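Written out below as structure tokens is the structure these notes cover.
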Amino acid sequence: MAITTDLSGKTAVITGSNSGIGLGIARELAKAGANVVLNSFTDRKEDHALAEEIADVCGVTARYIKADMSKGADCRALIEEAGACDILINNAGIQHVAPIPEFPAEKWDAIIAINLSSAFHTTAAALPMMRKAGWGRVINIASAHGLTASPYKSAYIAAKHGIVGLTKTTALETAEEPITANAICPGYVLTPLVEAQIPDQMKTHGMDRDTVVREVMLARQPSKEFATVEQMGGTAAFLCSDAAAQITGTTISVDGGWTAL
Ligand code: NAD
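This note's numbering numbers the first residue of the sequence shown as 6 and each following residue consecutively.
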């Protein structure tokens, strides 16, 4: 059988995809021919415009569906409204940083809901569709913090370790079917949010851009380079390809060597 990444005719649902990594993955999957469903909790003109732009550039069907990934019913409704879900990318995520005694309980609940429980709900709704279609890919966006820890990020790290476990269970429950489940574990990725932090960090540390990026932001990333959203998209497209049909229940680190330390 020829090895291909032609995703024509497949529908990909990407949670949290009106910016950053989710949007980068949506663009790369659309370039490979997939129809895409973008999502976030807002319902702005700009959100729908992103879908229109992807449809124009890639010649695929692209839609934006509002759904709040902190609510289980919304997660399931997103998949139902999409109507098809051959490729599920669980990407929506938020962060909060504080020591455990001061960590606000409502932030803990929100991070566990959005970064972990949402993937349970979307996967539960999507697997029957994948089974009916006879093909499926579940790709969970975990983190280097799904495999290692840092202080002050208790909820995020618990959720990211949790989603690695959910990925393995999803893989085992689908192991004898043409469905795979894997997690991508990014290190530090240059998204608009990360880019926006650079000037503040330069001021705080009294360093130029290159030094603050190397010494402060990428202190734990041995390559001393950010990963890119296009690389996340390319890795997701690879996991959807025939070459990856036997890759299931595992993590792929795209972290410049972070987890090798
Ligand atoms: P981002 O803030 O640009 O993207 C997060 C996305 O989630 C946005 O589209 C946002 O609208 C959406 N979102 C947030 N709350 C939501 C909700 N309640 N319902 C629906 N959508 C919601 O950040 P990003 O860096 O692109 O992060 C994407 C994923 O990648 C996250 O899971 C994050 O933990 C993970 N990640 C990011 C990095 C990095 O360095 N940027 C590293 C490792 C892992």
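All residues carry an ideal CB built from backbone N, CA and C; glycine is no exception.
Just so you know, these numbers come straight off a predicted model, no measurement behind them.
Would you say residue i and residue j are within 8 Å of each other, going by their C-beta atoms?
i, j, result
"Ala250", "Thr185", "yes"
"Glu85", "Ala118", "no"
"Tyr161", "Pro104", "no"
"Tyr193", "Met212", "no"
"Asn40", "Ala82", "no"
"Cys63", "Arg142", "no"
"Asn187", "Ile257", "yes"
"Lys229", "Arg219", "yes"
"Glu33", "Glu235", "yes"
"Asn44", "Ile26", "no"
"Ile30", "Ala241", "yes"
"Thr10", "Ala87", "no"
"Ile168", "Asn120", "yes"
"Asp260", "Ala147", "no"
"Ala89", "Val65", "no"
"Gly262", "Lys173", "no"
"Ser22", "Asn96", "yes"
"Ile116", "His126", "no"
"Gly139", "Pro204", "no"
"Thr153", "Thr233", "no"
"Pro197", "Ser24", "yes"
"Phe243", "Leu195", "no"
"Met237", "Pro191", "yes"
List the DSSP bridge partners of residue i.
i, result
"Ser45", "Lys71"
"Ile92", "Ala17 and Arg142"
"Asn120", "DSSP lists no partner for Asn120."
"Ala249", "Answer is none; Ala249 lacks a bridge partner."
Indicate the three-state DSSP secondary structure (helix, strand or coil) for residue i in the structure shown.
i, result
"Leu55", "helix"
"Val169", "helix"
"Ala232", "strand"
"Val102", "coil"
"Val217", "helix"
"Val194", "strand"
What first and last residue would you give for the beta strand (DSSP E) that runs through residue i?
i, result
"Thr185", "Ile184 to Pro191"
Under DSSP, the alpha helix (DSSP H) around residue i begins and ends at which residues?
i, result
"Thr256", "Looking at the DSSP string, Thr256 is not in any alpha helix (DSSP H); the run it does join, the beta strand (DSSP E), is Thr256 to Val259."
"Met212", "Note, Met212: premise wrong, no alpha helix (DSSP H); not H, not E."
"Lys36", "Gly25 to Lys36"
"Glu85", "Gly77 to Ala87"
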